[in-house]
Amino acid sequence: MNPKKNLILLLVLLVAGVGYYLYDVKWAGEKKAEEDRKAKILKGVDSKRLMRISLQRKEAPFQLIRTEKNWHFVKPVDALMDEDQQEIVIKAAADLKPHRRLGKMSDISEFGLDKPRMIITFGLKDENEVIIHIGDRTPTREFRYASIKSNKSSIFTLKISDINKINKKVFELRDRAIVSMEPEEIQRFVVEPKGKNPFTVVRKGKEDWEMTAPVKDKADSTEADGVLSALKYKKVLRFVKEDPKDLTPYGLDMPVYAIRLFTDKKDKKDKKGDGILLGLPTEASLPVRQGKTVRQVVHYARRISGGPVMLIGNDVVKDFPREPFKLRNKNIIDFDVDHITRLKLERASGSIDIKRLAKKKWDMRVTRPGGKSVQVPSRHKHIDDVLWDIKWANAVEFVDEPEDLAKYGLAPKGVNRVSVWIKKKKEGPEVKKSLTLGPLTGGKKTYGRLDGSKRLFAFDKKDFDKILRSSFQLSDRRLAKIEKGEDIARVAVKFPSGVEMLFRRSGEDWTIKHPSGRKANGGAIASLLTMLKDLEHEGEAKEGPRDFEKFRARVSLEDKSGKKFGPITFARGETKDWMFVKEGKGAKVLRVKKSQIGPNLPGSADALLEEKKKKAES
Numbered sequence: 024m025n026p027k028k029n030l031i032l033l034l035v036l037l038v039a040g041v042g043y044y045l046y047d048v049k050w051a052g053e054k055k056a057e058e059d060r061k062a063k064i065l066k067g068v069d070s071k072r073l074m075r076i077s078l079q080r081k082e083a084p085f086q087l088i089r090t091e092k093n094w095h096f097v098k099p100v101d102a103l104m105d106e107d108q109q110e111i112v113i114k115a116a117a118d119l120k121p122h123r124r125l126g127k128m129s130d131i132s133e134f135g136l137d138k139p140r141m142i143i144t145f146g147l148k149d150e151n152e153v154i155i156h157i158g159d160r161t162p163t164r165e166f167r168y169a170s171i172k173s174n175k176s177s178i179f180t181l182k183i184s185d186i187n188k189i190n191k192k193v194f195e196l197r198d199r200a201i202v203s204m205e206p207e208e209i210q211r212f213v214v215e216p217k218g219k220n221p222f223t224v225v226r227k228g229k230e231d232w233e234m235t236a237p238v239k240d241k242a243d244s245t246e247a248d249g250v251l252s253a254l255k256y257k258k259v260l261r262f263v264k265e266d267p268k269d270l271t272p273y274g275l276d277m278p279v280y281a282i283r284l285f286t287d288k289k290d291k292k293d294k295k296g297d298g299i300l301l302g303l304p305t306e307a308s309l310p311v312r313q314g315k316t317v318r319q320v321v322h323y324a325r326r327i328s329g330g331p332v333m334l335i336g337n338d339v340v341k342d343f344p345r346e347p348f349k350l351r352n353k354n355i356i357d358f359d360v361d362h363i364t365r366l367k368l369e370r371a372s373g374s375i376d377i378k379r380l381a382k383k384k385w386d387m388r389v390t391r392p393g394g395k396s397v398q399v400p401s402r403h404k405h406i407d408d409v410l411w412d413i414k415w416a417n418a419v420e421f422v423d424e425p426e427d428l429a430k431y432g433l434a435p436k437g438v439n440r441v442s443v444w445i446k447k448k449k450e451g452p453e454v455k456k457s458l459t460l461g462p463l464t465g466g467k468k469t470y471g472r473l474d475g476s477k478r479l480f481a482f483d484k485k486d487f488d489k490i491l492r493s494s495f496q497l498s499d500r501r502l503a504k505i506e507k508g509e510d511i512a513r514v515a516v517k518f519p520s521g522v523e524m525l526f527r528r529s530g531e532d533w534t535i536k537h538p539s540g541r542k543a544n545g546g547a548i549a550s551l552l553t554m555l556k557d558l559e560h561e562g563e564a565k566e567g568p569r570d571f572e573k574f575r576a577r578v579s580l581e582d583k584s585g586k587k588f589g590p591i592t593f594a595r596g597e598t599k600d601w602m603f604v605k606e607g608k609g610a611k612v613l614r615v616k617k618s619q620i621g622p623n624l625p626g627s628a629d630a631l632l633e634e635k636k637k638k639a640e641s
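Structure (C-alpha cells):
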C-alpha cells in the first residue's frame with residue numbers, strides 16, 4: 024500500500040476517534056453529570072415533609088425537630104431556632120444535590136468515609152430517614168466526598184459551600200432574640216426599675232398606647248414600640264449559663280430592672296406573660312470584625328420565664344425606660360396642620376389673630392394693647408412653620424399635681440397664650456385648644472397648661488420663642504412677590520459698568536435681546552429667579568451705603584401677564600453678614616441676609632452668558 028495513502032487514512036481515523044470521544048464519550052459523560060447534579064438527594068421531598076435534622080460531628084453536634092410553628096433544638100440545648108437561619112438551613116437541605124457521582128468504590132477509606140467527618144440525618148414525615156456520611160476534601164478543596172448510609176460504596180461529591188449552610192455553630196443557628204414574644208402579641212407591659220415605682224403601659228388600638236400607672240395619660244407610641252422591638256429584634260451577644268442553679272453571681276437574684284410582658288390588657292393569671300430581668304453590668308471581649316474582638320460593657324440578663332443567663336449589649340440597656348416620663352406622650356396639642364382654621368398668639372405686647380381664607384391664604388390682624396386691629400400681609404410659609412412648631416412642641420417635664428401656680432408663673436394667669444382652632448371635617452365641629460404659658464424670661468424652662476387641665480407641662484423656652492413670633496416675622500417680606508419662577512417672561516439686569524441686559528423666555532430656554540451676539544446662560548438666570556422668589560428683607564437698615572448709585576446689580580422682572588417687579592437694587596456697600604437693597608424707587612434702605620443670596624446674584628454680565636467657545640489650536 025502506498026505509504027502516503029496509509030498516513031492519510033491514519034489521520035482520518037484519528038480525527039474520527041477524537042470526534043467520537045468528544046461527542047459520544049466526553050459530551051455524553053458531561054451531560055449525564057449535569058443530570059446527576061440536578062438530582063436532589065432528598066428527591067421529591069419539599070421542606071414541609073422534612074421533620075428532623077441532626078448533625079453528628081466531633082464538636083457541638085445538634086439535633087433539630089419541627090414543631091407546629093417552628094423549628095426547635097432538642098440537643099445540645101432546649102431552644103428555638105432562629106427564623107432567618109431556619110429558612111436558610113431548610114432550603115439548603117431540600118436543595119442538597121451531588122456535584123459529581125464517582126460510582127461504586129471498593130475502598131471507601133480512601134475518601135474518608137470509613138470514619139466520616141460528620142453525619143447529617145434528615146428525618147421525613149413518613150418516618151423514613153436519609154443519612155449522609157461526609158468524608159475528606161477533594162484535591163481541589165472545594166468539595167467533600169459523601170455517600171448515603173444505605174449505599175456506602177456509591178460515592179459522590181458535595182460542594183463545601185452547600186454543606187456549610189447546615190454545618191453551623193449552635194450559637195449561630197439558635198434564636199438569639201432577648202424575648203420570644205412578637206411585639207404585636209403584647210397588649211401590656213410593666214416596667215420595674217429597682218428602688219422606684221413601677222409603671223404600666225397598655226395597648227390602645229393597633230398603633231396607640233396608654234399609660235395607666237402611676238398616672239393615666241396618653242403614651243408615646245414610638246417609645247413603647249421601640250422598647251418591644253429592641254427586646255425582639257436586638258440579639259443576645261452570648262449565652263453564659265444554660266441552666267443556672269445560682270443567680271447571685273449575675274445579680275439576677277435581685278434584678279436591677281425588669282420589663283414584664285403580657286398578652287392581656289388586664290392582670291389575669293391565666294394569660295401568657297414573659298419579659299426580661301436585668302442583672303449586673305460586666306465586660307466581655309466580643310467580635311466586631313473577622314478575627315478582631317473588643318472589650319465592651321454588657322449586662323447579664325435572663326427571661327422571666329427562665330432559660331439561660333445571657334449577655335445583652337449596653338446599646339439595648341441604655342434605651343430601657345427608667346422613668347415614666349420617657350414613655351409618656353410629650354406632644355401636647357395633637358392636630359393635622361391642614362385642619363387648622365385659626366391661630367392666635369398672645370403676649371403682653373399684643374396679639375396676632377390669623378384666620379385661614381384658603382389653603383395657602385391667611386388673614387392676619389395685629390392688635391396692640393389699647394389699640395385697634397391692623398391687617399398685616401402674611402406669608403403662608405411662616406404661618407405653616409409656626410403650626411408645625413406647635414404640633415411638635417414637646418414637654419421636657421410634667422407636673423401632675425401642682426400646688427402653687429404662682430411658683431410656675433401661671434397665677435393669677437399666664438402672660439402668654441397660644442390657641443388653635445381645629446376642624447377635621449367640612450361639616451364637623453370646630454374645636455379650640457389653648458395653651459397658657461408663663462414668662463419666657465430667665466431660666467431654660469417655661470411652664471404651661473391646657474385649658475380644662477390641672478396638669479402642667481414644662482417646655483424649653485427656645486421652642487416657644489419660635490412659636491410666639493412677632494407680626495414682622497410672620498409678615499410677607501418678599502422683595503419680589505413671585506409665586507412661580509416659570510411665570511417670569513422678562514428679566515432685565517443692569518451693572519455699574521453701564522451694561523444693561525435683557526432676556527426673554529422662549530419655552531424652557533432664554534434668549535438674549537440685548538446685547539446681541541452671545542447666548543444666554545439659562546442655568547444662571549434660573550438660579551437668579553429662584554433666589555429672588557424666596558428673598559426676604561429683615562427690616563430697614565440703620566446703616567447703609569450713602570451713594571446707592573454704586574450698586575452691585577439692579578434687577579427688574581416682568582411676568583407673562585405684564586405685571587412688573589422691581590427694580591431691586593443690590594448695593595456694593597455690604598457687611599460680612601448683610602447686603603443692602605432698595606425695592607423700586609423707594610427711599611428705604613433694607614437689609615437682606617447674604618446667606619439668602621449666596622452665589623446666585625451675578626457679579627458681571629459674563630455670568631449670565633454662555634462661555635465663548637475657544638478656537639481650535641492650529
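If you read the sequence shown in this note's numbering, its first letter stands for residue 24, the second for the next number, and so on.
Every residue, glycine too, gets a C-beta built ideally from N, C-alpha and C.
Original post:
Residue ranges of each alpha helix (DSSP H) run of no fewer than 4 residues wholly in the segment 176 to 220, ordered along the chain?
Top reply: For the segment 176 to 220, whole alpha helix (DSSP H) runs of length 4 or above, ordered along the chain, are 183 to 186, 193 to 196.
**OP:** Identify whether Thr-553 lies in helix, strand or coil by the three-state DSSP scheme.
**Re:** Assigned with DSSP and collapsed to three states, Thr-553 falls in helix.
**OP:** Note the first and the last residue of the continuous beta strand (DSSP E) segment covering Ser-457.
**Re:** DSSP places Ser-457 inside the beta strand (DSSP E), whose first and last residues are 454 to 460.
**OP:** Starting from Lys-517, trace the beta strand (DSSP E) both ways and give me its first and last residue.
**Re:** First-last of the beta strand (DSSP E) with Lys-517: 511 to 517.
**OP:** Give the secondary structure of His-156 by DSSP, where H, G and I count as helix, E and B as strand, and everything else as coil.
**Re:** If DSSP states are grouped into helix, strand and coil, His-156 belongs with the strands.
Subject >> Simplified DSSP assignment, three categories, for Ser-374 >> reply: DSSP places Ser-374 in the strand class (E or B) of the three-state scheme.
Original post:
Leaving out the 5 sequence neighbours to the left and right, which residues in its chain are closer than 7 Å to Asp-582 when beta-carbon positions are compared?
Top reply: Short of 7 Å from the beta carbon of Asp-582, and not among the five residues preceding or following it, lie these beta carbons of its own chain, in chain order: Asp-510, Ile-511, Ala-512.
Original post:
Of all the options Ile-377, Glu-265, Ser-442, which has the alpha carbon lying nearest to the alpha carbon of Ala-324?
Top reply: Taking each of Ile-377, Glu-265, Ser-442 in turn and checking the Cα distance to Ala-324, the smallest one comes out for Glu-265.
**OP:** May I ask you to check if the CB of Ile-142 is nearer than 6 Å to at least one heavy atom of the ligand COA?
**Re:** The ligand COA is not part of the structure shown, which contains no ligands of any sort.
Original post:
How would you write the range of the alpha helix (DSSP H) that Trp-411 sits in, first residue to last?
Top reply: Here the alpha helix (DSSP H) through Trp-411 covers 403 to 414.
Original post:
Can you tell me whether Ala-381 is buried or exposed, with buried defined as 16 or more other CB within 10 angstroms of its CB?
Top reply: Ala-381 should be labelled exposed.
**OP:** Answer with buried or exposed for Tyr-168, where buried requires no fewer than 16 other C-beta atoms within 10 angstroms of its C-beta.
**Re:** Result: buried.
**OP:** Could you pull out every residue in the same chain whose Cβ sits closer than 8 Å to the Cβ of Ile-171, ignoring the five residues on either side in sequence?
**Re:** So the list reads Ile-64, Val-153, Ile-154, Ile-155, His-156, Ser-177, once near-sequence residues are dropped.
**OP:** Go ahead and pull the three-state DSSP assignment for Lys-255.
**Re:** The DSSP-derived three-state label of Lys-255 is helix.
Original post:
Would you say Ile-209 and Leu-300 are within 7 Å of each other, going by their C-beta atoms?
Top reply: No, Cβ-Cβ distance for Ile-209 and Leu-300 is not below 7 Å.
Subject >> Rounded separation between Lys-255 and Lys-315 - CA only >> reply: Taking the straight line joining both Cα atoms gives about 27 Å.
**OP:** Determine, using beta-carbon pairs with one atom in the segment 244 to 258 and one in the segment 301 to 313, whether at least three such pairs fall under 8 Å.
**Re:** As far as the Cβ criterion goes, the segment 244 to 258 does not touch the segment 301 to 313, which means the pair count is below three.
**OP:** Put Ile-363 into one of helix, strand or coil per three-state DSSP.
**Re:** In the three-state reduction of the DSSP assignment, Ile-363 falls in the strand class, which pools E and B.
Original post:
Does the distance from the CB of Asp-297 to the CB of Ser-328 come in under 7 Å?
Top reply: Yes, Cβ-Cβ distance for Asp-297 and Ser-328 is below 7 Å.
**OP:** Flag this pair as yes or no: are the beta carbons of Ser-490 and Val-419 separated by less than 7 Å?
**Re:** The residue asked about is misnamed: residue 490 is Ile in this sequence, not Ser. No.
Subject >> Span separating the alpha-carbon of Lys-542 from that of Thr-534 >> reply: Between Lys-542 and Thr-534, the C-alpha separation is close to 7 Å.
**OP:** Return the CA-CA distance between Val-279 and Glu-195, expressed in angstroms with no decimal places.
**Re:** Rounded to the nearest whole angstrom, the CA to CA distance from Val-279 to Glu-195 is 29 Å.
Original post:
Quick one, are the C-beta atoms of Val-320 and Leu-334 less than 7 Å apart?
Top reply: Judged by their CB atoms, Val-320 and Leu-334 are not nearer to each other than the 7 Å cut-off.
Subject >> Classification of Val-317 by the beta-carbon crowding that lies within 10 angstroms, buried from 16 upward >> reply: Within 10 angstroms of the beta-carbon of Val-317 lie fewer than 16 other beta-carbons, which makes it exposed.
Original post:
Since Leu-428 contacts Lys-456 with CB under 8 Å, what's their CB separation in whole angstroms?
Top reply: Between Leu-428 and Lys-456, the beta carbon gap of about 20 Å keeps them out of contact (Cβ cut-off 8 Å).
**OP:** Report the option in Phe-145, Ala-594, Ile-363 whose CA atom is closest to the CA atom of Lys-449.
**Re:** Relative to Lys-449, the option among Phe-145, Ala-594, Ile-363 whose CA is nearest is Ile-363.
Original post:
Do Asp-499 and Pro-400 come within 7 Å of each other at the CB atom, strictly closer than that value?
Top reply: Yes; because the gap between Cβ atoms is below 7 Å, this pair is in contact.
Original post:
What is the C-beta distance between Asp-483 and Lys-507, in whole angstroms, given that I count them as a contact (C-beta under 8 Å)?
Top reply: Going by Cβ atoms, the distance from Asp-483 to Lys-507 rounds to 37 Å, so no, they are not a contact pair.
Subject >> Boundaries of the alpha helix (DSSP H) in which Val-339 is found, first to last residue >> reply: First-last of the alpha helix (DSSP H) with Val-339: 337 to 340.
Subject >> Contact belief for Lys-192 with Ala-102 at Cβ below 8 Å, rounded distance in angstroms >> reply: Between Ala-102 and Lys-192 the Cβ distance is about 13 Å, and since that is not below 8 Å, they are no contact.
Original post:
For the candidate residues Gly-621, Arg-261, Val-522, Ala-503, whose alpha-carbon lies nearest to that of Lys-605?
Top reply: Taking each of Gly-621, Arg-261, Val-522, Ala-503 in turn and checking the Cα distance to Lys-605, the smallest one comes out for Ala-503.
**OP:** Return the bridge partner residues of Val-263 from the DSSP annotation.
**Re:** Under the DSSP definition of a beta bridge, Val-263 lacks any partner.
**OP:** Report all residues from its chain with a CB closer than 8 Å to the CB of Glu-563; omit the five preceding and five following residues, and keep chain order.
**Re:** Once the five neighbours on either side are set aside, the close Cβ partners of Glu-563 are Lys-611, Val-612, Leu-613, Arg-614.
Original post:
Who are the Cβ neighbours of Lys-383 in its own chain at under 6 Å, not counting the five residues just before and after it?
Top reply: Here the set comprises His-403.
**OP:** Report the option in Ala-549, Asn-354, Phe-222 whose CA atom is closest to the CA atom of Phe-343.
**Re:** For Phe-343, the nearest C-alpha among the options comes from Phe-222.
Original post:
Within 10 angstroms of its Cβ, does Lys-353 collect 16 or more other Cβ (buried), or is it exposed?
Top reply: Counting Cβ neighbours within 10 Å, Lys-353 comes out buried, since at least 16 surround it.
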